[in-house]
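*Asks:* Just so we're aligned, residue 305 is where the sequence shown starts under the numbering used here, counting upward by one. Virtual Cβ for every residue (Gly too), placed ideally from N, Cα, C.
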Amino acid sequence: MRAIVIREPGGPEVLDWQEVPDPEPSRGEVLIDVAASAVNRADVLQRQGFYPPPKGASEIPGLECSGTVVAVGADVERIKPGDEVCALLAGGGYAERVAVPWQQVMPLPEGLSLVDAAGLPEVVCTVWSNVFMTARLRRSETLLVHGGTSGIGTMAIQLAKAFGSRVIATAGSPEKVRRCLELGADEALNYREEDFSTKQADVILDIIGAAYLKKNLDALAVGGRLVVIGMQGGRVGELDLGKLLAKRASVSAAGLRARPVDEKGAICAGVVRDVWPLIGAGAIRPVIEARMPMRDAADAHRLLESGEHIGKILLFR
305 MRAIVIREPG
315 GPEVLDWQEV
325 PDPEPSRGEV
335 LIDVAASAVN
345 RADVLQRQGF
355 YPPPKGASEI
365 PGLECSGTVV
375 AVGADVERIK
385 PGDEVCALLA
395 GGGYAERVAV
405 PWQQVMPLPE
415 GLSLVDAAGL
425 PEVVCTVWSN
435 VFMTARLRRS
445 ETLLVHGGTS
455 GIGTMAIQLA
465 KAFGSRVIAT
475 AGSPEKVRRC
485 LELGADEALN
495 YREEDFSTKQ
505 ADVILDIIGA
515 AYLKKNLDAL
525 AVGGRLVVIG
535 MQGGRVGELD
545 LGKLLAKRAS
555 VSAAGLRARP
565 VDEKGAICAG
575 VVRDVWPLIG
585 AGAIRPVIEA
595 RMPMRDAADA
605 HRLLESGEHI
615 GKILLFR
C-alpha cells in the first residue's frame, strides 16, 4: 500500500507518499480500507519530532480515519467486512489501509459522507472524554472553550449547546469570533483584544497550557473544573493553590492517544450512544475547512500551521 512517511523530523516537506508494507489485522483488530483521514496538531508535533507514537503504534501519522472494513482478526465483536466505519487511531491514518483495535471502531453516523466522517473521531472523543466524562459538564452550566474555531473548539461548542449548556469561546480574529457565534456560542471573545479572565465558567477546556493557567483559574467559578488538553502556550506554569482551594476547583490534564484500548473503547461507546444520534438528527456537524488529496499532506500541514483554517482539514484517498 501507499502511505505518508516522515523521512526525518522537520517541516512539511519531510512528508512523502511512499510504498510501505501492508498492515495485517492481529487478534482483536479490524483492517480498514481508508477513505479519508484528518490532520491534527499532534500530527504536526510528530512530524517535528516532538510527539513520538506510543509503543507498538504505527509510525505513520494520522489519529483518525473513515473507510470500509476489509478484514477482521480473531475475537472481533460486532464488526464485519463491508461495514462503513470511522475509527480512533494511535497512528497510521495517512495511509491506504490501517489496522485498529475493534473497540475503537465506530459505525458511520447517519447523514454524513464516508469522507467527511473522518473529521469526527479525534475531536468528538476528545471533547466527550474531557468535557463530559472528566469535567462532568451539566445542563445550564457554562463552558469556556479556547480555540473556538479549531476542530476541537467547533465540536465543543456544538456538543455543549446540544446538551443544554451555555458556551463562551475565545478566538483570534473578528471573523473567527463571528464563526463561533454562528456555531451556537452564547458569547465569543477576541483574545487579542479582550480579557477572558473576567468571565466565570464551570468548565474550561484549554489547549494553551502554561500561558493561560493564571487567567483560567481567575475565570473558574466556585466548584469549577479546568481541563488542559494542549500545551501550545508552554508546559510549565505557576498555580495559585490558595485560589484553587478557595474556589473548591480542580485542574486535570489528559491526552487521548496513549490511553489503553479499553479506555478508548469506553469513550467510543459513549460517543456512539450519546453523540451519534445528535449527528443523525442534524444537530451537530463536523466543520470542515478543506478536503485535500492524501498525497498532498504537506500542503495540509502548512494550512494547519498557518492558523487560517476553521475546523478540520481532511485528507482523502
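1) Thinking just about the alpha-carbon of each residue, which of Q462, V374 and V404 is nearest to the one in G586?
2) Determine the direct distance from the alpha carbon of V576 to that of R589, and round the result to whole angstroms.
3) How many angstroms separate the CA atom of C390 from the CA atom of D499?
4) Taking the beta strand (DSSP E) that K245 falls in, what are its first and last residues?
5) So W406 is in the beta strand (DSSP E); what residue range does that whole segment cover?
6) Is the beta carbon of R482 closer than 9 Å to that of A492?
7) Report the CB separation of V507 from A439 in whole angstroms; it is logged as a contact under 8 Å.
8) Please state the DSSP three-state secondary structure of V376.
9) Are the stretch 371-385 and the stretch 546-553 touching by the rule of at least three beta carbon pairs closer than 8 Å?
10) Where does E612 sit, in a helix, a strand or coil, going by DSSP?
11) Compute the beta-carbon to beta-carbon distance between H613 and P316, rounded to the nearest angstrom, for a pair I have assumed lies under 8 Å.
12) Per the contact definition of three or more C-beta pairs closer than 8 Å, is the stretch 442-462 in contact with the stretch 410-420?
13) Is DSSP giving E414 helix, strand or coil here?
14) Helix, strand or coil for E491? Go by DSSP, reduced to three states.
15) Pairs of beta-carbons, one from the stretch 519-528 and one from the stretch 454-470, closer than 8 Å: are there three or more?
16) Can you tell me whether E486 is helix, strand or coil according to DSSP?
17) What residue from Q504, L608 and V531 has the CA that sits closest to E445's CA?
18) Let's test the definition: count the other Cβ atoms within 10 Å of the Cβ of A489 and tell me whether it reaches 16, buried, or not, exposed.
19) With a threshold of 8 Å on Cβ separation, who are the neighbours of E333 within its own chain once the five nearest residues in sequence on each side are excluded?
20) Just verifying my parser: in three-state terms, what is the DSSP assignment at G423?
21) Give a yes or no on whether the C-beta atoms belonging to K568 and Q350 are separated by under 9 Å.
*Replies:* Based on what the coordinates show:
1) If you number the sequence shown from 1, residue 586 lands on position 282. Closest option to G586, Cα to Cα, is Q462.
2) Mapped onto the sequence shown, residue 589 falls at position 285. Mapped onto the sequence shown, residue 576 falls at position 272. Between R589 and V576, the C-alpha separation is close to 14 Å.
3) Mapped onto the sequence shown, residue 390 falls at position 86. Mapped onto the sequence shown, residue 499 falls at position 195. C390 and D499: Cα-Cα distance of roughly 38 Å.
4) Absent from the model: residue 245. The displayed extent of the chain is 305 to 621, so no value can be given.
5) Position 102 of the sequence shown, counting from 1, holds the residue named residue 406. Looking at the DSSP string, W406 is not in any beta strand (DSSP E), and its letter there is neither H nor E.
6) Mapped onto the sequence shown, residue 492 falls at position 188. Mapped onto the sequence shown, residue 482 falls at position 178. Their beta carbons are under 9 Å apart, which means A492 touches R482 by this criterion.
7) Position 203 of the sequence shown, counted from the first residue, corresponds to residue 507. Position 135 of the sequence shown, counted from the first residue, corresponds to residue 439. Contact holds; Cβ gap of about 4 Å.
8) For the purposes of this step, residue 376 is taken as the residue at position 72 of the sequence shown. Looking at V376 - three-state DSSP - the assignment turns out to be strand.
9) no
10) Looking up residue 612 in the sequence shown gives position 308. If DSSP states are grouped into helix, strand and coil, E612 belongs with coil.
11) Stepping through the sequence shown from its first residue, residue 613 is reached at position 309. Stepping through the sequence shown from its first residue, residue 316 is reached at position 12. At roughly 14 Å, the Cβ-Cβ gap does not stay under 8 Å, so H613 and P316 are not in contact.
12) no
13) As a first step, residue 414 is located in the sequence shown; it is residue number 110 there, counting from the start. E414: coil per DSSP, three-state reduction.
14) Residue numbering aside, residue 491 sits at position 187 when the sequence shown is read from its first letter. Reduced to three states, the DSSP call for E491 is strand.
15) no
16) Here residue 486 refers to the residue found at position 182 of the sequence shown. Correct three-state label for E486: helix.
17) The residue you call residue 445 lines up with position 141 of the sequence shown. E445 has its Cα closest to that of Q504, out of Q504, L608 and V531.
18) Start at 1 with the first residue of the sequence shown, and residue 489 comes out as number 185. By the 10 Å Cβ count, A489 comes out buried.
19) Here residue 333 is taken as the residue at index 29 of the sequence shown, counted from 1. Within the same chain, E333 has close Cβ partners V376, G377, V380, A403, V404, P405 and W406.
20) The residue you call residue 423 lines up with position 119 of the sequence shown. In this structure, G423 counts as helix in the three-state DSSP scheme.
21) The residue you call residue 568 lines up with position 264 of the sequence shown. The residue you call residue 350 lines up with position 46 of the sequence shown. Going by C-beta atoms, K568 is not nearer than 9 Å to Q350.
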